[in-house]
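K.L.:
For any residue, its number in our numbering is found by taking its place in the sequence shown, counting from 1, and adding 558.
This structure is in structure tokens; I'll ask about it shortly.
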Amino acid sequence: MKSKRQITNQRGIERVGTLVFYPLAISPIHTYNRVMSRILKLYRLQQLDSQLDQNRSRINAIESLMTEEEELRAAEAAVTAAGSLLKEAQQRVRTADQNVRAQRLKIEQTESALYSGSTNNPKELADLQNEISALKRYLWVLEERELSSMEEEEKNQAAETAARQTFSERGAERSRLLAELADEKNQLLESIERLTDQRETARSNIEAGDMNVYSDLRLRRRGLAVALAEDQSCSACGALLTPARVQEASYPNKLVVCDTCGRLLYAQ
Ligand SMILES: [Zn+2]
């Protein structure tokens, strides 16, 4: 059996083997066109289309990433929630402080009544003493409440500060990410522009009939119309190919399809 290279040589298209690796933009197009087989032209077009598909799909992903702000919005909501809790705690501290002050004032007033000498009645004096003791006991309760409300305020203050810090970090991360994504998108757009030019050149060298077959397959086979015949199998669906099929796939003027997936086969 002849080797693939011998078959290629026999058919006078050995130059294809070298030219296929040239970027289209710098390849000698006319020579390239004359010696390029029908399937190689389609294969080259497929490579460009696959690259274009990939770039476009990445741009879609980038655009969707650019609008996804859940994490940042969640961090922002956490700041608002922590802020509300802090305000409530601060209000409780103010109230507790007012209660303590009011109680101290009551004690002072009762003590002045006791020591002012306005009464000598032992019963009234004993009542005032009892009242002062009761007021002081309750002052102790109120001071405890104030203390614990201050501790709670401190905790809420720390939580609010941490939430602000997280929000600010997320904001910075987000800005960095947006800048990176914008850069990547610009590079992809430039690449698409280049590839589209190359595609136009590649397409103009393909006969209308072949182009129709290709376009139809691209639609029906998830964008992949041309598969490689390598290691005796179809690179797209993995089906084994007969030696005759592999040989046919290297003929310059014949289009051969995989019996399993129906894609065009190109043997390098
Ligand atoms: Zn196949």
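Using N, Cα and C, we set each Cβ at its ideal position, and we do this for glycine too.
How is V658 classed by DSSP in three states: helix, strand or coil?
P.N.:
Residue state, collapsed to three classes: helix.
K.L.:
For ligand 1, is there any heavy atom lying closer than 7 angstroms to the beta carbon of A807?
P.N.:
A807: no, Cβ never under 7 angstroms from ligand 1.
K.L.:
Can you tell me which residues form a DSSP beta bridge with E788?
P.N.:
S791.
K.L.:
What whole-angstrom Cβ distance do R703 and A640 have, given they're in contact under 8 angstroms?
P.N.:
Contact flag wrong, Cβ pair sits at about 23 angstroms.
K.L.:
Got a sec: does ligand 1 put a non-hydrogen atom nearer than 7 angstroms to the Cβ of A785?
P.N.:
At least one heavy atom of ligand 1 is found less than 7 angstroms from the C-beta of A785.
K.L.:
So, is E711 buried or exposed, given that buried needs 16 or more other C-beta atoms within 10 angstroms?
P.N.:
buried
K.L.:
What runs of the alpha helix (DSSP H), each 4 residues or longer, lie entirely inside the stretch 743-802?
P.N.:
766-778
K.L.:
Checking the sheet assignment: what are the DSSP bridge partners for L823?
P.N.:
Beta-bridge pairing links L823 to A785.
K.L.:
Quick one: measure Cβ to Cβ for L606 and A737, integer angstroms, because I've assumed they're closer than 8 angstroms.
P.N.:
Not quite, the Cβ-Cβ distance comes to about 29 angstroms (not below 8 angstroms), so this is no contact.
K.L.:
Between E629 and the rest of its own chain, which residues show a CB-CB distance below 7 angstroms, the 5 nearest in sequence each way excluded?
P.N.:
R728
K.L.:
Return the residue from the list V804, R821, L782 that minimises the CA-CA distance to D611.
P.N.:
L782
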